[in-house]
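Number of protein chains: 2
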Amino acid sequence: MREVAIAGVSMTDFGVSENTCVEMFCEAGIDALNKSKIEPKNIEALFVGNCLGDFEEGQSHIASHIHAALGLPMDSPAMRYENACATATIAVRQAALMVGAGVYDVVLAGGTERVAAMDTPLATRTFAMASNAGYSAPTGITFPGVFAMAAHMYADKYGIEIEELQKYMANVSVKNHYHASMNPKAQFQKEITVDKVLNSVMVADPLHFLDCCPFSDGASAVVIGTKQKVMEMTDKPVYIIGTGQAAGGPIINNPDMTRIKTREASVAQAYKEAGVKPSDIDLCELHDCFTIAEILAIECLGFYEFGKGYDAAQKGETRLGSKKTVINPSGGLKAKGHPIGATGAAQVTEIVEQLRGESGKRQVEGAKTGLVDTLGGEFGTVCNLILRSE
Amino acid sequence: MREVAIAGVSMTDFGVSENTCVEMFCEAGIDALNKSKIEPKNIEALFVGNCLGDFEEGQSHIASHIHAALGLPMDSPAMRYENACATATIAVRQAALMVGAGVYDVVLAGGTERVAAMDTPLATRTFAMASNAGYSAPTGITFPGVFAMAAHMYADKYGIEIEELQKYMANVSVKNHYHASMNPKAQFQKEITVDKVLNSVMVADPLHFLDCCPFSDGASAVVIGTKQKVMEMTDKPVYIIGTGQAAGGPIINNPDMTRIKTREASVAQAYKEAGVKPSDIDLCELHDCFTIAEILAIECLGFYEFGKGYDAAQKGETRLGSKKTVINPSGGLKAKGHPIGATGAAQVTEIVEQLRGESGKRQVEGAKTGLVDTLGGEFGTVCNLILRSE
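Protein chains in written order, with this note's numbering: chain A, 5 to 394; chain B, 5 to 394.
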């Protein structure tokens, strides 16, 4: 495999947009191309993540329409990927595998999503279609329910009072809002307090409203190429040194929700390929769709032993300035926002900017190696990428 | 690039099914694995095409659920592709590129689709989402309208009376129904006549009901691997010797609908890679979503000069037994059926079985080289594959 690197990265503001999925992707895509000093005519393939564009705005076949709007050459293929919340991470990974294997030299990858025209019940219902329609969905399960069960299972397994766990979880939210307060692209740039989380409305016991990430509009795009090509586009290449992906289907395949087997399988592939271990990771953008999800992830990714990660945020260990691995310096899904089909590419964008020292007030000092972690569905897809600057 | 070959292929009966998209894919997938004498645990990646499973049965994230239902190993990634009618062809092509480039040695690819729970207006409306939602869709255009316009443009350009063109088009339908009458998997295994086509209800002038392909349920799957791996699985390997893919977005990028630029771009890639020319192709499964579409395709793929293909079916040149390239020996989309996200893999299945001499009454004698052609949206995606037996 050839060395694969990232040139320009970009994301739209996350939040509520008046633009379509095509328009948002083009905003991020054109910016990423400009930063890479590359013209559309030189892009050899387009990898687009999108989950619910057909539901939200009546647009399927979106990769082809984005391709045309960007003015890419007709000979350059356009593919749409959909793998629940891990959609864009997978679009980026497939692009990287193709470049690494020699199919293409320079491609554009990313994702786009919009929920602006949906109310919360419709958004919740359509997002829940990523769970198993035949077996899980008929139980009435939605994702807040899945992660509420995971929180209860965690509390029970490790002998933590649920009220105590709620405080630990609240600290995750407070930390991620703090990080987002320094991120001009984030949906919520306002700090919150533990009390505010605990006093917010209950969504799915024990998860309060402020334990949950928002529905967001947004897009993100990255230019990926061979080392040689990327060296022509930027003097700060960031390398994709390891990737992983695993599939698990319905929740029954991950019966112990405190220890997600698909994530263990995926990140093990990435660590092995990269030749690094968890302690080598300076910062990680991970899938904090709910605060409990961040706690589960930091354990499963190897930053903490199982059952030992719950108080990491409270102790400040995952916060900017910590000497341990900084978790979600962007603000994470919780505060930066979570446009489903775009999230993975935005995680990549954050890591790349951090590794280039371009993250302003929220810069993780001396960051050299970063991990992307995205989870889809009821743990049915996990995708990881390890990035390193030279 | 390594040589890429196909081992087992399979498809469900096309028509109306009581099974879900997951179940249909598993039916075809297990059959393809069994024919390849390979166990699920040895499949390294899954490439699934599906267009509207979220609309039809509330199931997105379908690749992961199919992966689990098939019992593939957790380490093996599962990707869903959506590119309108070309969805499964692209899933197969991406799989072939990955195998050729050395990422995987053996994978499973295909597609699945179900419209059973939709009535015709809803199916028409949701399928039309593949056109450009911002510019084409607001004109009220649906796909019968697109191809009706193409038929008028063709008649006008080549000075053919529209009533005459209707008869030529009817002959395409008659020929494809004749082929399907010998295909036990086809949705319509009944022969029809030119009069029957011309007397069927008008759908979009000049296209009668029997000029239009049906909405279908079905799935198809193929096992793809390196030459070496496939030689262990079958003594009749079929090689993927050339592929192409092009993107064009909205209809405005193909203003002359008699000459589809995306198709010209895509098939030129495939011919070049394969080192063959149109006259080398013994049989072709192409995108006859409407009868006029077959006439446009046989010209664009190089079997006929532009403006000279309209009477090929009437003259019997594209019919089984002809010494020229046999077109749609399976019955095509028109009579075999068109489960959107599965169609490309079923086209591959037909060509592979033909090249192996396993097509029974509809066998194209001495077939060595076959072409797959699938068109998505308002000409916004075209994908081609050239297959050859040894």
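Just so it is clear, CB atoms sit at the ideal spot from N, CA and C, and this is done for glycine as well.
- With the rule of 3 Cβ pairs closer than 8 Å, the stretch 37–45 of chain A does not count as touching the stretch 344–361 of chain A.
- Interface flag for Q249(A) against chain B is set, since a Cβ pair is found closer than 9 Å.
- Bounds of the alpha helix (DSSP H) holding R97(A) are T91 to A105.
- Residues of the stretch 207–220 of chain A with a C-beta atom less than 7 Å from some C-beta of chain B do not occur.
- The count of Cβ pairs closer than 8 Å, one atom from the stretch 120–131 of chain A and one from the stretch 178–192 of chain A, stays below three, leaving the stretches out of contact.
- DSSP places V110(B) in the uninterrupted beta strand (DSSP E) bounded by V110 to E117.
- Contact between G345(A) and E117(A) holds: CB atoms are separated by about 4 Å, below the 8 Å threshold.
- Counting other Cβ atoms within 10 Å of its Cβ, A121(A) stays below 16 and is therefore classed as exposed.
- The beta-bridge partner set that DSSP reports for F147(A) is empty.
- Residue I264(A) holds the alpha-carbon nearest to the alpha-carbon of F310(A) among T347(A), D284(A) and I264(A).
- Of V150(A), G222(A) and A223(A), the smallest CA-CA separation from C216(A) is found for V150(A).
- Residue burial annotation: D286(A) is buried, with at least 16 other C-beta atoms found within 10 angstroms of its C-beta.
- In this structure, the alpha-carbon of E61(B) lies about 20 Å from that of I256(A).
- The Cβ atoms of F383(A) and T266(A) lie closer than 9 Å to each other.
- In this structure, the CA atom of A208(B) is about 6 Å from the CA atom of A152(B).
- CA-CA distance, G12(A) to C30(A), rounds to 14 Å.
- E362(A) counts as exposed, since fewer than 16 other C-beta atoms from the protein chains shown sit within 10 angstroms of its C-beta.
- Any Cβ of chain A closer than 9 Å to the Cβ of Q273(B) would place that residue at the interface, and such an atom is present.
- Contact between the stretch 333–350 of chain B and the stretch 212–232 of chain B is present: 3 or more CB-CB pairs across the two stretches fall below 8 Å.
- For the stretch 54–65 of chain B, the residues whose beta carbon sits under 9 Å from a beta carbon of chain A are, in order, N54, C55, L56, G57, D58, F59, E61, G62, Q63, S64 and H65.
- Excluding five sequence positions before and after P44(B), the CB atoms of its chain that fall closer than 6 Å to its own CB belong to L74, G75 and L76, given in chain order.
- Taking 9 Å as the cut-off, the beta carbon of H65(A) is found closer than this to the beta carbon of T385(B).
- Excluding the 5 residues flanking it on each side, I245(B) has same chain C-beta neighbours closer than 6 Å at A278, I390 and R392, in chain order.
- Neighbours of P254(B) across chain A, judged by C-beta separation under 7 Å: H69 and A72.
- With a threshold of 16 other beta carbon atoms within 10 Å, V176(A) meets it and is buried.
- Nearest in C-alpha terms to V234(A), of all of R84(A), V110(A) and Q318(A), is V110(A).
- Around the beta-carbon of I166(A), fewer than 16 other beta-carbon atoms lie within 10 Å, marking it exposed.
- For D58(A), no beta strand (DSSP E) run applies; the uninterrupted alpha helix (DSSP H) run containing it begins and ends at G57 to E61, by DSSP.
- In this structure, V96(B) places its C-beta atom within 9 Å of the C-beta atom of I228(B).
- The three-state reading of DSSP puts E354(A) in helix, counting H, G and I together.
- Note that the stretch 85–94 of chain B does not touch the stretch 198–206 of chain B; fewer than 3 beta-carbon pairs, one per stretch, sit closer than 8 Å.
- Inside the stretch 269–315 of chain A, DSSP marks whole alpha helix (DSSP H) runs of 4 or more residues at positions 295–304, from first to last along the chain.
- Counting the other CB atoms within 10 Å of its CB gives Q232(A) a total below 16, which places it among the exposed residues.
- A Cβ-Cβ contact shorter than 9 Å links M78(A) with A250(B).
- Listed along chain B, the residues sitting closer than 8 Å to R84(A) by beta-carbon distance are Y85, E86 and N87.
- Taken in chain order, the complete alpha helix (DSSP H) segments of 4 or more residues contained in the stretch 182–223 of chain B are 198–202.
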